[in-house]
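Colleague:
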Amino acid sequence: MGLPGFQGKYFNQCILALRGSTSVGQFEIHLASLSGFSYIIVTASSKHEKRLKYLGGTRFVDHDCPLSELASVHGLKMVMDGLFTLVFDVVGSPATQQALYDALVPRGKLALIAMHSEIVISPSPGDAKSVISVQGLLTFPANEAFGTEVCASARELFATGNLKVR
-2 MGLPGFQGKY FNQCILALRG STSVGQFEIH LASLSGFSYI IVTASSKHEK
48 RLKYLGGTRF VDHDCPLSEL ASVHGLKMVM DGLFTLVFDV VGSPATQQAL
98 YDALVPRGKL ALIAMHSEIV ISPSPGDAKS VISVQGLLTF PANEAFGTEV
148 CASARELFAT GNLKVR
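The numbers in my numbering rise by one with no breaks, and the one at position 160 of the sequence shown is 157.
(1) If you draw a straight line from the alpha carbon of A108 to that of L83, how long is it in whole angstroms?
(2) Would the region 150 to 157 count as touching the region 128 to 136 if we require 3 or more Cβ pairs under 8 angstroms?
(3) Taking just the CA atoms, how far does S121 sit from L105?
(4) Along the chain, which unbroken stretches of the beta strand (DSSP E) at least 3 residues long are found entirely within the region 11 to 59?
(5) Evaluate the contact criterion for the region 43 to 60 versus the region 87 to 96: three or more CB pairs, one atom per stretch, below 8 angstroms.
(6) Rank N140, G54 and N9 by C-alpha distance to the C-alpha of G17 and give the top, closest one.
(7) Please determine, among T19, R56, I26 and T93, the residue with the shortest C-alpha to C-alpha distance to I118.
(8) Go through its chain and collect everything with a Cβ distance to P91's Cβ below 7 angstroms, but skip five positions before and after it.
(9) On the DSSP bridge list, what partners appear for S86?
(10) Between the C-alpha atoms of F24 and L134, what's the straight-line distance to the nearest angstrom?
(11) Tell me the rounded alpha-carbon separation between N164 and H27.
(12) Which residues in the same chain have their Cβ closer than 7 angstroms to the Cβ of N9, if we skip the five residues on either side of it in sequence?
(13) Apply the 10 Å Cβ neighbour rule to A139 and answer buried if 16 or more other Cβ atoms are within range, or exposed otherwise.
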C-alpha cells in the first residue's frame, strides 16, 4: 500500500482510519492517499481535522461518534453504503472489533495495529472477510519481503515528493 505498484489500485474504494491523529494513523492516511483510495474516512479529535485532511483524509468524523452511527454520519452512507474495503484500528480493543468487522464489505479486511491486539472475532462459516494483527517492524521474518520493497521504494517516494519529512 502506498508503493508505486499500488498507485490507483484502490480507486473507488473506501478505507476507515480510526484514531488518525496518531503517528501510525497519519502514516496510514498518507499511504492510503498515495494508493488511490477514493474515500479515506478519518476519526480523531476535531482539533486534528485540518492536518489529517492535508495528509489525504477525504472525510473527517469526530472520534466521539459511536461506531454504530459512523456509516450514517456526514452523508457517508450515500458515499459508500456504509461499508469499508479496509479498516485500520491502531488501538485494537476487543470492544470495537465486532462493530468494525460488521462494517466491512464482503472480502474486506480489518487490520489491528496495536502490539497486543487479541483477535476476538469469530467469523461466520464461509465469510470472506479477514482480520489480521499487523506488526510494523520490518525486521520480523513475516515482514521481510514487504520491508525490502518499502526500503527499495523509499528513495523514489521521497524524490518524487510523494513522501515528505516534516
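Every residue, glycine too, gets a C-beta built ideally from N, C-alpha and C.
Modeller: On the basis of the coordinates in this document:
(1) 8 angstroms
(2) no
(3) Note that residue 105 is Gly in the sequence shown, not Leu. Taking the straight line joining both Cα atoms gives about 14 angstroms.
(4) 11 to 15, 36 to 41 and 56 to 59
(5) no
(6) G54
(7) T93
(8) E115 and V117
(9) Position check: residue 86 holds Asp in this sequence, whereas Ser was assumed. Its beta-bridge partners are L15 and L109.
(10) 14 angstroms
(11) This structure cannot speak to residue 164, because the chain is shown only from -2 to 163.
(12) S35
(13) exposed
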